Amino acid sequence: MANKVGPFWVGPFCISLLHPYPIAIKHPPHKQRTLRTDLQPLHHFNILLPLPSSSHHKGNGIMVGSLALHQHLASPYHHNYLKDQNSLIQPTCLVPLHQVKSMEDFRKAHAQFLKLGLDCIPPYAGELLSACALSAWGSLDYALAIFLNLEEPRTFDYNVMIRAKVNHDQSKSALQLYKEMIERSINPDNFTFPFVLKACALLSDIRGGIQLHGHAIKLGFDEDVFIHNSLINLYGKCRKIELSYKIFELMGSNRTIASWSALLSAYNRMNFCVDCLHLFAKISCEKLKPDESSMVAALSSCSNLGLLGQGRSIHCSLLRNYPTLNIIIQTSLIDMYMKCGQPDKGMLIFDKLHEKNLWTYSAVISGLAMHNNCKKALQVFSDMLNQGLKPDEAIYVNVLSACSHAMMVEEGLKCFNQMRFDHQIKPNAQHYGCLVDLMICAGRLDEAYELIQNMPIEPTDAAWRSILSACKINGDIKLAESAYSKLEQMDAVNAGDCVILSNMYAELQRWEDAAEVRKEIVNRGLVQAPGFSQVEVKGKIHTFVSHDKSFPQSDEVQEMLYQMDWQLRFEGYATDNLRSSEGQSQKIAIAFALMNTSSVSTIRIFTNLRMCSECHKYTELISKVFERDIIVRDRRRFHHFRLGLCSCDNCW
DNA sequence: CTAGGGTTAG
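Going by the UniProt record's numbering, 30 is the number at position 30 of the first sequence; the sequence numbering is gapless.
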């Protein structure tokens with residue numbers, strides 16, 4: 001049954017609307033107008049008014065009301081409206097809002113609503129708000145002005161504004177609106193929570209998030225799938241993975257693919273890449289199909305783990321299932337190919353893209369730098385600037401680290417200044433860290449030290465660690481000690497730092513000092529990640545640790561290693577030099593791959609440590625003697641070995 | 001009655 005609303009005045013008319021749904025209209029006192037009861041309606045007409053564009057009457061886009069004419073109107077203007085008692089009157093001046101495509105059109109439409117006094121009447125107010133606040137062409141400020149003008153905003157109006165603020169990166173202010181709505185006793189509904197939870201997630205505001213979770217339960221929204229998914233996301237962003245999982249578990253069969261995606265990305269954030277891929281494989285057990293979002297999460301895990309095979313198979317299934325791929329997933333694919341040792345494949349995807357954003361460029365620039373193709377990285381960066389994209393501080397981290405990889409000191413300093421002065425970006429600790437690395441790579445250690453001491457912000461532990469590692473090579477024990485003590489002050493000492501310093505003492509035959517630092521590892525309860533090397537053979541990943549003999553082919557591999565040593569001796573290389581643990585595991589991985597792959601295929605090794613120079617030398621020679629391309633990803637970058645040479649030009 | 005959740009480098 002339709003509700004009758006009104007009567008209220010529209011211009012010279014008094015209108016009563018047969019409203020399709022219940023609405024309480026209260027006019028603010030200054031807008032109240034008395035109905036002239038002394039005048040009998042002359043005629044009744046029907047009138048068409050624009051409908052909220054997304055309502056269930058979408059088809060016509062127009063709402064039918066009845067109009068009673070209380071005054072005799074002679075002007076031709078009005079006659080246009082009132083032609084025939086039975087015909088529908090089309091108020092041509094009113095453009096349906098869903099046809100509005102620009103702020104200019106919107107202003108006109110809004111003016112008409114204002115003139116008719118409809119601007120503060122639900123559902124028009126909400127419709128105006130959501131059009132203006134949420135469309136691509138809209139304006140948050142304009143929407144805010146409309147919103148503030150509402151005497152009695154409703155839940156819907158608040159929801160729209162909260163959502164718009166979150167979209168405009170104003171999460172704090174969005175939460176403020178939520179607070180305001182509670183204070184004004186306007187009840188949040190099942191739509192409110194996903195928006196405000198997202199705001200908390202973006203702010204990593206775990207306390208606020210828990211409060212909201214409580215509110216949602218209290219208001220009885222403990223069955224809502226959208227709210228649950230938002231909660232998984234919230235706890236994931238706050239690194240409370242147990243809580244994310246708990247919600248996920250609780251949802252049982254109500255889980256949707258979005259629940260999985262949110263959980264997968266939570267695992268990724270914690271760097272639980274193996275578990276992430278396990279979960280990804282389980283999606284299909286629930287009769288759900290992995291979609292783009294969940295595949296983005298899985299691809300990111302593949303990138304981190306260097307799993308080319310699995311990354312490729314995700315790519316295939318994307319190509320099978322989607323006619324076009326969105327920019328986010330394309331970026332993930334580029335990143336995956338870059339990090340799994342196929343930069344050419346990554347570039348192929350990149351070159352074919354017609355839409356590129358900062359993240360795409362960022363993935364390519366850091367990928368190219370990783371493969372020691374720094375010139376190209378800078379080329380891509382300058383293309384990006386020519387495209388008119390505005391660089392942000394994150395992309396400058398990539399650009400600067402590309403410069404430091406390639407020892408391009410002047411270029412790096414130029415970029416640093418360009419960032420500060422042309423693009424008005426204040427350098428952060430990471431940028432200074434890159435500069436420090438740049439100086440170190442160029443062998444200007446004293447300048448690096450001067451820089452790190454005089455930089456205007458607190459240096460990161462990584463920057464001090466760079467200094468410490470550099471000392472390892474040039475043997476400056478004084479500098480090493482001061483870098484180490486800085487790390488101590490920051491409470492950021494790790495096992496690797498202790499090893500470096502201790503080895504340096506040992507080199508100087510200061511045995512007591514060496515032992516003292518070694519003891520620190522135990523005292524501080526530091527654990528060193530076990531070094532391993534991985535290689536993919538026939539789609540299966542094989543992982544080896546140093547002196548590994550615990551795998552089926554171990555005996556054959558030992559034989560192979562013996563032969564490899566023998567061959568290298570002809571090249572004048574004594575393999576006894578190679579004693580480091582990563583060297584050992586890498587040797588085994590290479591031997592295993594040489595034995596089990598075709599003689600023309602490229603060997604791809606993934607190791608979690610940094611390659612030492614002996615290991616590097618060894619691999620160079622193997623690539624020459626066995627005429628095999630070997631690509632090694634160590635924890636920082638790639639080395640392409642071919643015929644005795646490495647892409648890194650012996651600088652890493 | 002209108003609207004909504006999950007996705008990317010360093």
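C-beta atoms are modelled at their ideal positions from N, C-alpha and C, and glycine is treated no differently. Bear in mind that the values here come from a model prediction, so they are computed numbers and not experimental data.
Exercise for the section: Can you give me the start and stop residues for the beta strand (DSSP E) that F544 sits inside? Expected result: 540-545
Exercise for the section: Along the beta strand (DSSP E) that carries S533, what are the first and last residues, could you check? Expected result: It spans 532-537 - the beta strand (DSSP E) in which S533 sits, taken as one unbroken run.
Exercise for the section: Could you have a look at C612 and say whether DSSP puts it in helix, strand or coil? Expected result: coil
Practice task
Buried or exposed for C646, please, with buried defined as at least 16 other CB atoms from any protein chain shown within 10 angstroms of its CB.
Solution key: buried
Exercise for the section: Label R465 either buried or exposed according to how many other C-beta atoms from any shown protein chain fall within 10 Å of its C-beta, with 16 as the threshold for buried. Expected result: buried
Exercise for the section: Count the CB pairs spanning the region 541-561 and the region 504-513 that are closer than 8 Å, and state whether there are at least three. Expected result: no
Problem - Backbone CA spacing between C153 and K198 [nearest angstrom] - result: Correcting the residue identity first, residue 153 is Pro in this sequence and not Cys. Distance between the alpha carbons of P153 and K198: 22 Å.
Exercise for the section: Classify R633 as helix, strand or coil using the three-state DSSP reduction. Expected result: If DSSP states are grouped into helix, strand and coil, R633 belongs with the strands.
Exercise for the section: For Q528, count neighbouring C-beta atoms within 10 Å of its own C-beta (all shown protein chains included) and say buried if the count is 16 or more, exposed if not. Expected result: exposed
Problem - DSSP three-state assignment for H70, whether helix, strand or coil - result: Its pLDDT being 35, under 50, H70 is placed unreliably by the model, and the measurement read from it follows with that caveat. Reduced to three states, the DSSP call for H70 is coil.
Practice task
Within its chain, find whatever has a CB closer than 7 Å to the CB of S261; leave out the 5 residues flanking it on each side and keep chain order.
Solution key: S293, S294, A297
Exercise for the section: Pull up the distance between the alpha-carbon of A125 and that of M181, whole angstroms please. Expected result: 17 Å
Problem - Given P194 as reference, the closest of N187, V225, G252, Q170 once Cα atoms are compared - result: Per the Cα distances, V225.
Exercise for the section: Tell me I603's beta-bridge partners as DSSP assigns them. Expected result: I630
Handout entry: As assigned by DSSP and simplified to three states, the class of H371
Key = The answer is coil: DSSP assigns H371 none of H, G, I, E or B.
Practice task
Specify the secondary structure class of R255 as computed by DSSP and reduced to three states.
Solution key: DSSP places R255 in coil when its eight states are reduced to three.
Exercise for the section: Measure the alpha-carbon distance for I146 versus K172 and round it to whole angstroms. Expected result: 20 Å
Exercise for the section: State yes or no: is the C-beta of L299 within less than 8 Å of the C-beta of L333? Expected result: With contacts defined as CB atoms closer than 8 Å, L299 and L333 qualify as a contacting pair.
Problem - Nearest neighbour of A442, chosen from T460, I425, M336, S401 [CA to CA] - result: S401
Exercise for the section: Report the residue from K237, I232, P427, E450 whose alpha carbon sits nearest the alpha carbon of I457. Expected result: P427
Problem - When L134, G117, A143 are compared against R107, the one with the closest alpha-carbon - result: A143
Problem - L368 to S253 span [Cα, whole Å] - result: Near 44 Å, if we compare the C-alpha coordinates of S253 and L368.
Practice task
Identify, in the order they occur along the chain, each residue of the same chain with its Cβ nearer than 6 Å to the Cβ of Y505, setting aside the five sequence neighbours on each side.
Solution key: D513, A514
Problem - Complete runs of the alpha helix (DSSP H) confined to the region 137-196 [at least 4 residues] - result: 140-149, 155-167, 171-183
Problem - Residue range of the unbroken beta strand (DSSP E) whose run includes H640 - result: 638-642
Practice task
Put S87 into one of helix, strand or coil per three-state DSSP.
Solution key: Any answer about S87 is weak, because its pLDDT of 37 lies below 50 and its placement is not dependable; what the coordinates show is given next. S87 falls in the coil class under three-state DSSP.
Practice task
Kindly indicate which residue of S469, R610, C403, G138 has the alpha-carbon position closest to the one of F532.
Solution key: R610
Practice task
Figure out for me which residue from I395, V409, F421, H423 has the closest Cα to the Cα of Q430.
Solution key: Nearest of I395, V409, F421, H423 to Q430, Cα basis: I395.
Problem - Contact the region 595-614 vs the region 625-639: 3+ CB pairs below 8 Å - result: yes
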